[in-house]
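Visitor: Got a structure here, written out as structure tokens. Questions coming.
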Amino acid sequence: MSSLSQAASSVEKRTNARYWIVVMLFIVTSFNYGDRATLSIAGSEMAKDIGLDPVGMGYVFSAFSWAYVIGQIPGGWLLDRFGSKRVYFWSIFIWSMFTLLQGFVDIFSGFGIIVALFTLRFLVGLAEAPSFPGNSRIVAAWFPAQERGTAVSIFNSAQYFATVIFAPIMGWLTHEVGWSHVFFFMGGLGIVISFIWLKVIHEPNQHPGVNQKELEYIAAGGALINMDQQNTKVKVPFSVKWGQIKQLLGSRMMIG
Numbered sequence: 001m002s003s004l005s006q007a008a009s010s011v012e013k014r015t016n017a018r019y020w021i022v023v024m025l026f027i028v029t030s031f032n033y034g035d036r037a038t039l040s041i042a043g044s045e046m047a048k049d050i051g052l053d054p055v056g057m058g059y060v061f062s063a064f065s066w067a068y069v070i071g072q073i074p075g076g077w078l079l080d081r082f083g084s085k086r087v088y089f090w091s092i093f094i095w096s097m098f099t100l101l102q103g104f105v106d107i108f109s110g111f112g113i114i115v116a117l118f119t120l121r122f123l124v125g126l127a128e129a130p131s132f133p134g135n136s137r138i139v140a141a142w143f144p145a146q147e148r149g150t151a152v153s154i155f156n157s158a159q160y161f162a163t164v165i166f167a168p169i170m171g172w173l174t175h176e177v178g179w180s181h182v183f184f185f186m187g188g189l190g191i192v193i194s195f196i197w198l199k200v201i202h203e204p205n206q207h208p209g210v211n212q213k214e215l216e217y218i219a220a221g222g223a224l225i226n227m228d229q230q231n232t233k234v235k236v237p238f239s240v241k242w243g244q245i246k247q248l249l250g251s252r253m254m255i256g
């Protein structure tokens, strides 16, 4: 019996480091959508306070979407060129910083407020553009085909979780403390999350918590465990064809 127990204990159990990866994607995507919603929650009180009319607010609200569309293809190229971990870190950090800075737009006056707010919202949209392509790349690197749909559904659900969690908090901050604190709160937390990202996210072959059993399991299921390592050896030229742009603009998801 002792020899059997020793043999059983010597068999390495498969780790599940990939589960923590998708948890991190869920958290980051929640903040992604939370930061998008800051202006929707705080905008009414902000407009009253700084004297923005509906036309001005309309321009400001459009800024994010313009930037998000423009940034999709360059964002994907950056991910392919420099790897998901590095690009996504800067994406989180930068969009959080520009979210936080929106809390200071009342230092301007008149048309300067519209310019400042439009610029900051535009930069938030530009910085957030690599997020969903980054999610897809990380899931492709970490999850076998038979688990990929579940992983994608988990981080996709974060957009609705963000509304459930952050909307009441931001509403309370707007009413009790002031609209600027919505941006301070969300931006500040996002900056903290960006550094946690660096600790949690690794390539499969470099993750300190993964063992050979898990690597073999995810690789056998089609996970691209060497994706970012291969990208460091091969330079990917940045070229955009008009056909790709036409296909992007004609996508039902983009139109929606």
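Residue numbers (UniProt numbering): 1 to 256. Note that CB positions come from ideal geometry on N, CA and C, so glycine has one too.
(1) For the candidate residues I94, L189, W142 and A167, whose alpha-carbon lies nearest to that of N211?
(2) Only counting the same chain, and skipping five residues up and downstream in sequence, which positions put a Cβ closer than 6 Å to that of V22?
(3) Run the CB neighbour count on E216, radius 10 Å, all protein chains shown included, and call it buried at 16 or more, exposed below.
(4) Select from I196, L79, Y33 and I225 the residue whose C-alpha is nearest the C-alpha of Q206.
(5) With a CB to CB cut of under 7 Å and the five nearest residues on each side skipped, what residues in its chain are close to M97?
(6) Leaving out the 5 sequence neighbours to the left and right, which residues in its chain are closer than 6 Å to V122 when beta-carbon positions are compared?
(7) Could you tell me the alpha carbon to alpha carbon distance between P74 and D228, rounded to whole angstroms?
(8) Taking the CB atoms as reference points, tell me whether L126 and I70 lie closer together than 8 Å.
(9) Using CA atoms only, rank isn't needed, just tell me which of G112, I218 and A145 is closest to I50.
(10) For the segment 170-186 against the segment 29-49, are there 3 or more C-beta pairs whose distance is under 8 Å?
(11) Starting from W197, trace the alpha helix (DSSP H) in both directions and tell me its first and last residue.
(12) Below 8 Å CB to CB, which residues in the same chain sit around G209 once its five sequence neighbours on both sides are set aside?
(13) Any idea if Y88 is buried or exposed, counting beta-carbon neighbours within 10 angstroms, 16 or more meaning buried?
(14) Would G34 and M57 be called neighbours here (beta carbons separated by less than 8 Å)?
(15) By DSSP, does K13 sit in helix, in strand, or in coil?
(16) What ranges does the alpha helix (DSSP H) occupy inside the segment 127-178, keeping only unbroken runs of at least 4 residues that lie completely in it?
(17) Alpha carbon to alpha carbon, how far is E147 from V105?
(18) For F26 versus A116, is the C-beta distance shorter than 8 Å?
(19) Since F108 is in the alpha helix (DSSP H), which residue starts that stretch and which ends it?
(20) S180 to R81, Cα distance in whole Å?
(21) Quick check on E216: does DSSP put it in helix, strand or coil?
(22) Suppose the cutoff is 6 Å on Cβ atoms and the five residues either side in sequence are ignored; what does the same chain contact list for L198 look like?
(23) Note down the Cα distance separating F118 from P54, rounded to an integer number of angstroms.
(24) Mapping DSSP to helix, strand and coil, what is T232?
Guide: According to the structure shown:
(1) Cα-wise, what sits closest to N211 is W142.
(2) For V22, the CB contacts under 6 Å within the same chain, skipping 5 residues up- and downstream, are A151 and I154 in chain order.
(3) Label assigned to E216: exposed.
(4) Closest option to Q206, Cα to Cα, is I225.
(5) For M97, same chain residues with a beta-carbon under 7 Å away, outside a window of 5 residues either side, are G187 and I191 in chain order.
(6) In the sequence on display, residue 122 carries Phe and not Val. The beta carbon of F122 sits closer than 6 Å to those of A63 and A67, all from its chain and outside the five residues before and after it, given in chain order.
(7) So the alpha carbons of these two residues sit roughly 17 Å apart.
(8) Annotated as proximal: L126 and I70, with beta-carbon spacing under 8 Å.
(9) Per the Cα distances, G112.
(10) They touch, by the three-pair rule.
(11) Here the alpha helix (DSSP H) through W197 covers S180 to V200.
(12) Excluding sequence neighbours, G209 sits near T15, A17 and W20.
(13) It is buried - the Cβ of Y88 has at least 16 other Cβ atoms within 10 Å.
(14) In terms of Cβ geometry, G34 and M57 do not form a close pair [threshold 8 Å].
(15) It is coil, neither helix nor strand.
(16) Runs found: 131-142, 145-156 and 158-176.
(17) Each residue's Cα considered, the two are about 45 Å apart.
(18) Result no, Cβ atoms of F26 and A116 do not sit closer than 8 Å.
(19) No alpha helix (DSSP H) holds F108; DSSP gives it neither H nor E.
(20) Using only the alpha carbons, I get a separation of about 37 Å.
(21) Note: E216 maps to helix in three-state DSSP.
(22) Excluding positions up to five away in sequence, the list reads F89.
(23) Rounded to whole angstroms, F118 to P54 spans 14 Å at the Cα level.
(24) The predicted position of T232 is uncertain, since its pLDDT is 49 and thus under 50; no value can be drawn from it.
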